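Chain order of the listed sequences is A and B.
Note that my numbering has the first sequence beginning at -15, numbered continuously upward.
Note that my numbering has the second sequence beginning at -15, numbered continuously upward.
Take a look at the structure below.
2 protein chains.
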Amino acid sequence: MKKVLKNCLVVDENLNFEKKDLYVEDGRFVDFAEENAEDVEDLKGALVLPGLVNTHTHAPMSLFRGIAEDVELYEWLSTYIFPREDKLTEEDVYIGSLVSFMEMIKNGITTFVDMYFFQDAVAQAAKDVGIRGVITRGLADISGNGGQKLKECEDFIKAHANDPLIRGGVGPHALYTCSNDYFKEAVQLAHSTDSLLTFHLLESPLEREDYVKRTGMESVDFLDSIGAFDERTIIAHGTHFNEKELDLIAQRGATLSYNPISNAKLGNGIAPIHLALSKKVNVTLGTDSAASNNSLNLFDEIKFGVLVQRAISKDPTVMKMEEVFSMATKNASKPLPFEVGKIESGMLADLVVVNTESLSLSPNEYMKSHLIYSFDTSAIKKVMVNGEWVYDEGFLNVDFHEVMERFEKAVSSLNSRL
Amino acid sequence: MKKVLKNCLVVDENLNFEKKDLYVEDGRFVDFAEENAEDVEDLKGALVLPGLVNTHTHAPMSLFRGIAEDVELYEWLSTYIFPREDKLTEEDVYIGSLVSFMEMIKNGITTFVDMYFFQDAVAQAAKDVGIRGVITRGLADISGNGGQKLKECEDFIKAHANDPLIRGGVGPHALYTCSNDYFKEAVQLAHSTDSLLTFHLLESPLEREDYVKRTGMESVDFLDSIGAFDERTIIAHGTHFNEKELDLIAQRGATLSYNPISNAKLGNGIAPIHLALSKKVNVTLGTDSAASNNSLNLFDEIKFGVLVQRAISKDPTVMKMEEVFSMATKNASKPLPFEVGKIESGMLADLVVVNTESLSLSPNEYMKSHLIYSFDTSAIKKVMVNGEWVYDEGFLNVDFHEVMERFEKAVSSLNSRL
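Structural data, given as C-alpha cells:
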C-alpha cells in the first residue's frame, strides 16, 4: 500500500517544523514514491507529529478505572486490584484492552509496552484497534504457577516473532512478587529470545529497605548481577533511584520509563529525572494503567512530567521542551523492537495529524510551546499506524457504542462475581 | 425565559449523583415551572455539573500563550510580558479575551475573575461569548497613572452594578508594583463600593524578603492593617504562606485562589493547600493566564492540584475528591457577587452537560473518581450560563474561524510593533 500526504507541517525531534510532503510505502516512510491520484491526500498544512510511545501500561486495567482512590499502593493492590484480577476472564481482558487502546489512539499514542496476562486477548484488542505494541507476560511466582507463566510468555514471543504490529516481551512484575531465582529465569528468557524485558523497580518508598531486609542485598545490585539492565530493558518507575544507581543504568544502556502521574497519585514520590538526564540515562514516558492515572494520555504526562519536576526543584528552567518531547517519541525506539518515534525515511509510518486551528495551539507562531504546555488532544484529526489510518475524524476501526456497551456489562458482571 | 431539562444526572457538592429534572426561569434554578412543549429538552441521562469557577485569570493574555518558556518569573514579566503589554490596543485585548473565554466555556468554566486593563473590551468579549465574570482593573502605580487607573476602576464598577453577567472589581496587582499608599486606596475603593478585591500575594520565593527589606514589615501584616483580607477578597497564589498567616486568612474569611499549574511552571513552588484546608481557609482554583499555564482548563487544575500535593507530601490520602471539586465550584460563591457553583433552587442557572458515553468516564459506576482524575473536556456537550445555552455540540455564540483569523492577525501585528 502506498500513500502520499501533501502539505504536512512536520515536527522533528528538536521541535522544529517543516512544510513538506510525506511518502509512505509498505508501512514505512520513504523518500519518494511515484504517485497515482488515488494515493494522494492533501493535509492542507495540518501539523503532523510522530506517533507517541507509551512505554509502560497495563491495558486491561481500564476495567478498574476509578475503583479506589486516595489509598496506599500496597492496600490498593491487595484490597482492590488483586481480588478482581483473580476473577478476570479472557473476554474481560479483551474488552478492557480495547477501551484502553481506543483511548490511546485518540490521544495520539501509536505504540505501547504492556504487562499483563491473557496476552492473546490483549493482542487481539490491539489488532482490532490497529495499534502497535510489545505485549509482555506479567510474571510472578509468589502465588505459584511461575513455570506455566514463563511457558506462555515464551510461546507468545515465538508466535509473534514476525508480526508487523505485535511483539512479545518478558515482564517479571517486581522483586516483591518474584523470587530472585524466578526473576533470573525471566531475564534469561528475554536474553535467549532477544526480547524486550520490563519490570517495576523502586516504585514506592518502602521497596528498597524491604528488599535489603529480606536478602541483605540492594535490588539494583542483584538485578545487575543477573544482567537485567541492558539496551532491551525498560525499567518502570525508578522513583527512588539514587545517583550511583542512575550512573549504572546509564552505563548499561537501559531505559527508564517515567510515570509521573501514577507515581504522584499513589504517593510514591517523583523520579529524579533531571538528574537522570544529566547522567544521559535514556528516559521515556509511561501512563501506567487507567487504574492509577486515570487517563491514558501522554500529553498529560509530558506537561505534568515537566511541571512536577519544577514544583519540587522550584527551578523554572528544569527540563527543556525538546527533552520531554523526545521522551514521548524517539527515545522509546532504543529498547523497542520497532523503529518508531521519528518521521524519517525508513522509520515505521506511525503519525498523528493535528488541526492547527485549535484554541490550544494558538497563536500558531508559538507552536513548539503548545505541543508541550497546552496541547489538547481534541485537536487530533487522524492517526496512522503502519501506513494505515486507524482514527479518522472521530471514527476508530471498532464500533464505539458497541464497545462501550460491552465494556460496561463486563464491569458489572465482574463486580457481581466478587 | 423558561427551560425544563428532563432526565439529568445531577452531581452535588459531595459528588453524589441524582437523576432528576431541572427547571430554569429568568436565569435561575427554580423548584418547579409549568412547562410548555417548547421549553422542554430531554437530556437522556446526561451528566449535569455546576459551571466551574476560575477565580484567577488574565484573559487577554492568550495573546502571549507560548511566547517564552522555561524562564524565571521576573525575567518572564520584564523581558516578555511588560513590553508587549505596553503596545496592546483595545482591539488586541478584546480578541485575546474572546479566545480565552471561548476556551473556558468549552472546558466547562462559566464564571471567571479577571485582572487586566481595557476592562470594557474584556467585558464586551465576555458578553459576546456569554460567560459570567468579575472584571477587575489591574492597578499599579510604579509606572505612574495610578490615579487614572483607580478612576477607570471605579467607573467600571458603577457602570456594571446591575449587570446580570458582568461586575467590576478592584485588582491592585501586587505589593511589588503598588506603593503601600496606593494599595490602601485600592482597598478603600473595594470597601466603599462593596466590590470584590483581588491581588497577587507571596507568589514567588523572593517576594517575602524583598518586601521586608524594603519596608521593615511582613506583607501580610501590612495588608491586614489596611483591611485587605475580608470575605470579598480573593488572594491569588499565596504559594509561600506560613501557618500563622493561614490562620489569619481563615479568621478574616478571605479566599485563597490556588493556581498549581502556573505556580509549578514558573518555578514558584506549590501553595500549602493541605495545611490551608486543615485551617478551614476557603480555597478555590485559578488557571492564571494562558501565558503561564498554558491552558484554561480547571479539570487540569483539579487533577494537577491534587497530584502535586501528593508528589510533595508522598501521601496518597492528601486532598479528598469532594474537597477539590468544591474548590472548583461552590467555594467560589463566597467572595463573588454571584450565587454560582451549585445546582440548587435559587442559584444562578450555570451548568455543564456531559456525555457519559465517553472513554474518560468509563466505567460509569465510578463516575465520582472520573470527574477528578480522568475527565476529558471533549465529553462536554453543552454549556449554559444564566439560563441560556452558550455552547452546543461544538458551536459557540461567536464564529470560531473568524475569531481565530482575527486572533492570529492581532498577534502578528503586535509582534511587528515591538
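Glycine included, every Cβ here is placed at the ideal spot set by N, Cα and C.
These numbers come from a predicted model, not from an experiment.
So what does DSSP say about residue i, is it helix, strand or coil?
i: residue 65 of chain B; result: helix
i: residue 302 of chain B; result: coil
i: residue 137 of chain A; result: helix
i: residue -10 of chain B; result: strand
i: residue 12 of chain A; result: strand
i: residue 233 of chain B; result: helix
i: residue 32 of chain A; result: strand
i: residue 3 of chain A; result: strand
i: residue 216 of chain A; result: coil
i: residue 344 of chain A; result: helix
i: residue 384 of chain A; result: helix
i: residue 74 of chain A; result: helix
i: residue 106 of chain B; result: helix
i: residue 357 of chain B; result: helix
i: residue 375 of chain B; result: strand
i: residue 23 of chain A; result: helix
i: residue 324 of chain A; result: coil
i: residue 308 of chain B; result: helix
i: residue 55 of chain B; result: coil
i: residue 82 of chain B; result: helix
i: residue 350 of chain B; result: helix
On the DSSP letters alone, give me the boundaries of the alpha helix (DSSP H) that residue i sits inside.
i: residue 156 of chain A; result: From DSSP, residue 156 of chain A is part of no alpha helix (DSSP H) but of the beta strand (DSSP E) over 150 to 156.
i: residue 170 of chain A; result: 164 to 176
i: residue 195 of chain A; result: 191 to 199
i: residue 205 of chain A; result: 203 to 209
i: residue 284 of chain A; result: 282 to 297
i: residue 259 of chain B; result: 257 to 262
Following the continuous beta strand (DSSP E) through residue i, name the residue where it begins and the one where it ends.
i: residue 42 of chain B; result: Unbroken run through residue 42 of chain B: none, as it is neither H nor E.
i: residue 332 of chain A; result: Residue 332 of chain A -> no beta strand (DSSP E), and no H or E assigned at all.
i: residue 184 of chain A; result: 180 to 185
State the beta-bridge partners of residue i as determined by DSSP.
i: residue 100 of chain A; result: A:121
i: residue 318 of chain A; result: According to DSSP, which records beta bridges pairwise, residue 318 of chain A is partnered with nothing at all.
i: residue 49 of chain A; result: DSSP, once it has assigned bridges, lists no residue as partnering residue 49 of chain A.
i: residue -4 of chain A; result: Looking at the DSSP assignment, residue -4 of chain A forms no beta bridge with any residue, so it has no partner.
i: residue 364 of chain B; result: B:338
i: residue 268 of chain A; result: A:241
i: residue 93 of chain A; result: A:36
i: residue 369 of chain A; result: A:372
i: residue 224 of chain B; result: None, per the DSSP bridge assignment.
i: residue 116 of chain B; result: B:95
Using a Cβ-Cβ distance under 8 Å, would residue i count as near chain D?
i: residue 0 of chain A; result: The structure shown contains no chain D; its protein chains are A and B.
Inset, instruction - Could you name the residues of the stretch 231 to 251 of chain A whose beta carbon sits closer than 9 Å to any beta carbon of chain B, in the order they occur along the chain? - result: 244, 245, 247, 248, 249, 250, 251
Inset, instruction - Could you list the residues in the stretch 338 to 354 of chain B with a C-beta less than 7 Å from some C-beta on chain A, going in chain order? - result: 341, 343, 344, 346, 347, 348, 349, 350, 353, 354
Inset, instruction - May I ask you to list, following chain order, the residues of the stretch 105 to 130 of chain B that have a beta carbon less than 7 Å from some beta carbon of chain A? - result: none
Legend entry - Against chain B: residues of the stretch 299 to 330 of chain A by CB proximity under 7 Å: 299, 300, 301, 304, 305
Legend entry - chain A contacts from the stretch 169 to 196 of chain B (Cβ-Cβ distance under 7 Å): 189
Legend entry - Contact the stretch 308 to 328 of chain A vs the stretch 11 to 26 of chain B: 3+ CB pairs below 8 Å: no
Inset, instruction - Mind the definition here: the stretch 263 to 283 of chain B touches the stretch 263 to 273 of chain A only if three or more C-beta pairs lie below 8 Å; say whether that holds. - result: no
Inset, instruction - With 8 Å as the limit, tell me which residues of the stretch 47 to 59 of chain B have their beta carbon closer than that to any beta carbon of chain A; keep them in chain order. - result: 47, 49, 50, 51, 53, 54, 55, 56, 57
Legend entry - Residues from the stretch 75 to 86 of chain A in contact with chain B, defined by Cβ distance under 8 Å: 83, 86
Legend entry - the stretch -9 to 8 of chain A in contact with the stretch 292 to 302 of chain A per 3-pair CB rule at 8 Å: no
Legend entry - Touch test, the stretch 94 to 101 of chain A against the stretch 119 to 134 of chain A, Cβ-Cβ under 8 Å, three pairs minimum: yes
Inset, instruction - Check whether the stretch 308 to 319 of chain B touches the stretch 380 to 391 of chain A, taking contact to mean three or more Cβ pairs, one atom from each stretch, closer than 8 Å. - result: no
Legend entry - Cβ pair count under 8 Å reaching 3, the stretch 201 to 213 of chain A against the stretch 228 to 240 of chain A: yes
Legend entry - Stretch-stretch touch, CB-based, cutoff 8 Å, three pairs: the stretch 22 to 38 of chain A with the stretch 332 to 347 of chain A: yes
Inset, instruction - Please confirm if the stretch 175 to 185 of chain A is in contact with the stretch 218 to 226 of chain A, defined as three or more CB-CB distances below 8 Å between the two stretches. - result: yes
Legend entry - Sufficient close CB pairs (3 or more, under 8 Å) joining the stretch 357 to 375 of chain A to the stretch 36 to 50 of chain A: no
Inset, instruction - Answer yes if the stretch 1 to 15 of chain B comes into contact with the stretch 57 to 67 of chain B, meaning at least three C-beta pairs across the two stretches below 8 Å, and no otherwise. - result: no
Inset, instruction - Would you list, in chain order, the members of the stretch 268 to 287 of chain B that have their beta-carbon closer than 9 Å to a beta-carbon of chain A? - result: 274, 277, 278, 279, 280, 281, 284, 287
Legend entry - Cβ-based contacts, 8 Å cut-off: residues of the stretch 385 to 398 of chain B near chain A: 385, 388, 391, 392, 395, 396
Inset, instruction - Answer yes if the stretch 71 to 87 of chain A comes into contact with the stretch 134 to 143 of chain A, meaning at least three C-beta pairs across the two stretches below 8 Å, and no otherwise. - result: no
Inset, instruction - Decide if the stretch 139 to 152 of chain B is in contact with the stretch 76 to 92 of chain B; the criterion is three or more beta carbon pairs, one per stretch, under 8 Å apart. - result: no
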